[in-house]
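Line by line, the protein sequences give chains A and B.
Under the numbering used here, the final residue of the first sequence carries the number 436; numbering is consecutive throughout.
Under the numbering used here, the final residue of the second sequence carries the number 540; numbering is consecutive throughout.
Using N, Cα and C, we set each Cβ at its ideal position, and we do this for glycine too.
Heads up: the structure comes next, in structure tokens.
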Amino acid sequence: MRDYFQSIALELFKYIQKDEFLIINFDAEESNFVRLNKAKIRQPGNVKQISMSLSLSNRDKKNLKSHLRLNGSFKRDLATLIKTLNYLRRELPDLPKDPYLLFSKSVQSTEITHEQKYINDEENLDYILTNISGLDLVGIYSSGYIYTGLANSLGQFNWHSDYSFSFDYSIYNENNNAIKLNYSSKKWKNEEFEISLNQGIKKLKILSQSPRTIQKGEYTVYLEPSALNEIIDMMSWGGFSYKANKIGTSPLHLLSKGEKSLDTSVSIDENIKDGISANFSADGFIKPDKISMIKGGEFAESLTSPRSSLEYSVAHNASSTSEYPYSIDMRAGSIDDDEILSTINNGIYISNLWYLNFSDRNNGRMTGLTRFGCFLVEDGKLTAPINTMRFDDSVYSMLGENLIGLTSNRKLLIDSGTYEERSTSSARLPGAIVNKFKMTL
Amino acid sequence: MKNEFLKQINTYFPSVDYCSFRFVNKYTNIISVTRNVLEPIEISEDEGVMVTVIHNGGYGYGASSDLTQEGILKAIEEAKKWAEYSSGKLVHVPHPPSVRIDGGKYFTHEKDSWGKESNKDKVEYLMQINKSLKSKPTISNWGASFRYNKIETFFTDTNGSDIRQNISYILPQLVACAEYKKQIQTRTFGGHAHARQTGYNFLKDSDLINKADQIANDAIELSMAPNCPDCKVDALIAPDQMILQIHESIGHPLELDRILGDERNYAGSSFVSLDMFGKYKYGSDKLNISFNPSQESELATYNYDDDGTVASKKHLIKDGILQRPIGGFYSSQRADQNHVACSRATSWNRPPIDRMGNINLEPGNSSFSEMIASVEDGILLETNNSWSIDDYRNKFQFGCEKGTIIKNGELKHITKNPNYRGITKEFWHNLSMVGDETSFSILGTANCGKGEPNQTIFVGHATPPCLFREIDIFGGE
């Protein structure tokens, strides 16, 4: 795949005219998707897709981009790309100048290739199906290669390829209560899957007790890393974006202006170095290993795209145009796993939150629901599952004045999202114990 | 490429119990002008094929963007391989259709085609809209965009069926934010609700320059308005919020694959169970919901779904009683229910699943002024900006851009951050008045997410404004 991309890019650059600048972005994946329901197969299949984007600009700072799905056949694809290049060239003169157009002009080639020997998905599935027999299991097994590349007409070439798999699943009991689990890695190990499954089965047993309905009000809660991830994800909807904070649509704009703060234990980085996404932007800039976005509860550095840098005359840090984080890394706290229940004492253990949205974006207030494995904690013990509850609270309360502490253990959560293509986002997070967490319905 | 594909495709069918080819070519063009500057124009062309094989009690698919002979043969092999592997391991053995659809067709009517207007003219129009959005100094952020999508699908199978459909739609989006005392309020042109199967003429006919001016004025007024009070009052819900209410608390819970458990790991389940169809009282007598793939210009109007099933209008809820689920050909086999043509895929690279098509609330007989006049203490809620509902589609909380207080049958002042919450099972029983034909609005959403692997799809919702009694309303901060 790398050689196909490099050779077609080099050939296409021969068609570039004087004073033109071309960037080619490459994305491809070869994936198996096996969907399961009731511990049996629902829909299995394979997807192979290759695409390239051509971004052509000229000396007048005019730019036009086209994204194309391709065959993977050099001759046919080159003909399609040349036709597209000619179309872009024809359209450019009619467009206005783009005052915020900025591409990397210094050549910084990089290559990261994680070779992986052939993985036998059928063997993995045989193992899964044997071990889940008798369970009510639902979810998806996804696996395969993901390729990302960039080449520009100045001679820069960047390549990132990786193999990974994700088995994202839930196990249900007869009361329709469930535990959510995920086993994601680069190399399948039967024993690792078995440990994950058995932990889930153990937790499911506690769920077999009759669920309790709690009243609306304020509770001390423990948010597992996957539940906290949902809150951090909402904060990321413009929260770390330079532009969104500048125009005021960010849920963290009061934090960025220094008018509000979070607890001093809250520090959040964009950690590309230890994540799984490519280290280069679509514009050809190399991303820094780490960007400290929140430090000691205060807003530190925004994610700033090249476009924002020109619009607001600030330095950029190679962020994407959306200025969204891809490799969240939140510093650990000091609460050990065996102290979680005693710290809560009486409250709620929340494994997952679901369907979050803002109730007042200006003030960082959000709402959402409990889902999968949420328990009542009484006298420091898990006593019963709870029925679904809605929360509505502000980030300045949950991670600010009412944050009791963060756990010393962190978890790497690889995004199992597959919209258009398999996601390469991830988050490494601790759990959080929060006081006065507001349940509303 | 496409013609070559179509000429050859019938020679590719493997020797299996059933096989279908679904070829999709999807063109997307998005032009955005933000704060008077043209953003990079997005042009995207996505093309590929999905091969589905049902054989010997197994099912599998192979999807590829490689439309060379070699690529298609590989996709067939993948589909056959997965069908072989899944034989005896499936949660349900699908029984393929036996009908042949000869020359099935559907084409969106674009009075003025998207391509007729040049990029230059579209950009100029968006610049004018931007100027109108930034008509006052307190507007802190503004922008407008046009999105055009064209999806050409060709479906053929071993029954000899042959279906061609071209669906195209346009989505205009306008936004203005106003700042007052460090609080930002945002007003839009119906969020992303104004997506329609139509031509470029829709954008010209929609008077977007005047709409932009209205939106900017609303944003400024909202930024200085009081927060919505916490109260339990009547809620008159405008169509651009009603579509979300229908989508989340009727559309999704009636999807049969959710009821059958397929979505429990991701998009969630449903409080609806199979035994409720035909007898469950979903809402008041005034509630009539249809699956209507024939509503002209609505987003999900088509003649066939992606399994090649013929589409026609059916009632899902009639006079408040639940009639049938949103279940496609294969799901309905699993549940022993009547099907609707709702099996849809986002593109060639995802398999069809149960999806909303056009899910509409049928008009009643109340005029808008009659509904206002009937309210002693209430609020008019307009334009969705926040949505959240539990995984069984019961406990919801929705936020709107604008609330207008109603007192003694008259519209009074506006309020910011209006939110409301409720429980689906109870909420629809509070439906007391339904707007008439004159207020029936054809709207939709272009991005409904669901499925594993994940898929987004466009769904239509047409509805009049509706009045609900005694709803829990609250504001921000």
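In the DSSP output, what is Asn290(B) paired with across the bridge?
Lys479(B)
Per-residue burial, Met64(B) [other beta carbons within 10 Å of its own, 16 or more giving buried]:
With a pLDDT of 45 at Met64(B), under the threshold of 50, the predicted position of this residue should be treated as unreliable, and no value is reported.
How would you write the range of the alpha helix (DSSP H) that His255(B) sits in, first residue to last?
Neither: His255(B) is in no alpha helix (DSSP H) and is coded neither H nor E.
If you measure from the beta carbon of Pro206(A) to each beta carbon in chain B, is any gap under 8 Å?
no
Assign Arg163(B) to buried or exposed, taking buried as 16 or more other Cβ atoms, counted over all protein chains shown, within 10 Å of its Cβ.
exposed
With H, G and I counted as helix, E and B as strand and the rest as coil, what does DSSP make of Arg423(A)?
strand
What did DSSP end up calling Glu415(A) once you bin it into helix, strand or coil?
coil
Neighbour-count burial assignment, Leu271(B), 16 or more Cβ in a 10 Å radius:
buried
Inter-residue spacing [alpha-carbon to alpha-carbon] between Glu86(A) and Ser83(B)
39 Å
Taking C-beta pairs closer than 7 Å, name the residues in chain B that Asp355(A) reaches, listed in chain order.
Asn480, Gly539 and Glu540
Taking C-beta pairs closer than 9 Å, name the residues in chain D that Glu15(A) reaches, listed in chain order.
Although the question refers to chain D, the structure presented lacks it and instead comprises the protein chains A and B.
Could one say the Cβ of Ile106(B) lies closer than 8 Å to chain A's Cβ atoms, at least one of them?
yes
Looking at chain A, is there any beta carbon in it that lies within less than 8 Å of the beta carbon of Asp268(B)?
no
Closer than 9 Å between beta carbons: that is the criterion. Which residues of the segment 448 to 465 of chain B meet it against chain A?
Asn448, Ser449, Trp450, Ser451, Ile452, Asp453, Asp454, Tyr455, Asn457, Lys458, Phe459, Gln460, Phe461 and Gly462
Any 3 or more C-beta pairs closer than 8 Å across the segment 447 to 454 of chain B and the segment 510 to 518 of chain B
no
Give the residues of chain B in contact with Trp154(A), contact being defined as C-beta atoms less than 9 Å apart.
Simply none; closest approach about 20 Å.
With distances taken Cα to Cα, identify the nearest neighbour of Met287(B) among Gln246(B), Asn182(B), Ser149(B) and Asp293(B).
Gln246(B)
Using CA atoms only, rank isn't needed, just tell me which of Ala4(A), Ile36(A) and Arg64(A) is closest to Tyr148(B).
Ile36(A)
What's the gap between the Cα of Asn273(B) and the Cα of Phe252(B)?
11 Å
For Gln386(B), is the classification buried or exposed, using 16 other Cβ atoms within 10 angstroms of its Cβ as the cut-off for buried?
buried
Identify which residue in Asn20(A), Asn168(A), Asp55(A) and Ser137(A) has its Cα closest to the Cα of Gly129(A).
Asn168(A)
Return no unless some Cβ of chain B is closer than 8 Å to the Cβ of Lys35(A).
yes
Taking the alpha carbon of Met288(A) as the reference point, which residue from Gly342(A), Thr244(A) and Ile227(A) has its own alpha carbon closest?
Ile227(A)
Run through chain A and tell me which residues come within less than 8 Å of Val186(B), C-beta to C-beta.
Leu90 and Pro91
Determine whether the Cβ of Ile192(B) lies closer than 8 Å to any Cβ atom of chain A.
no
Could you tell me the distance, in whole angstroms, from the CA atom of Gly143(B) to the CA atom of Asn41(A)?
Note that residue 143(B) is Lys in the sequence shown, not Gly. Each residue's Cα considered, the two are about 11 Å apart.
Under 8 Å between C-beta atoms, does Val102(A) make it to chain B?
no
Roughly how far, in whole angstroms, is the beta-carbon of Glu25(A) from the beta-carbon of Lys43(A), given that I think they are within contact range, below 8 Å?
5 Å
Residue span of the beta strand (DSSP E) that contains Asn177(A), given as start and end:
Ala173 to Ser180
For Ile468(B) and Met305(B), I'd like the C-alpha separation in whole angstroms.
18 Å
Exposed unless 16 or more other CB atoms sit within 10 angstroms - verdict on Ser48(A)
buried
I want to see whether chain A comes within less than 8 Å of Leu130(B), judged by CB atoms only; does it?
yes
Candidates Ile384(B), Ser231(B) and Ile214(B): closest to Thr171(B) by CA position:
Ser231(B)
Leaving aside the five residues before and after Ile196(A) along the sequence, list all residues of the same chain whose C-beta is less than 6 Å from its C-beta, in chain order.
none
Measure the Cβ-Cβ separation of Asp220(B) and Tyr122(B) and say whether it is below 8 Å.
no
By Cβ distance, which residues of its chain are closer than 7 Å to Asp163(A), with the 5 residues on each side in sequence left out?
Gly134, Ile135, Asn177 and Ser411
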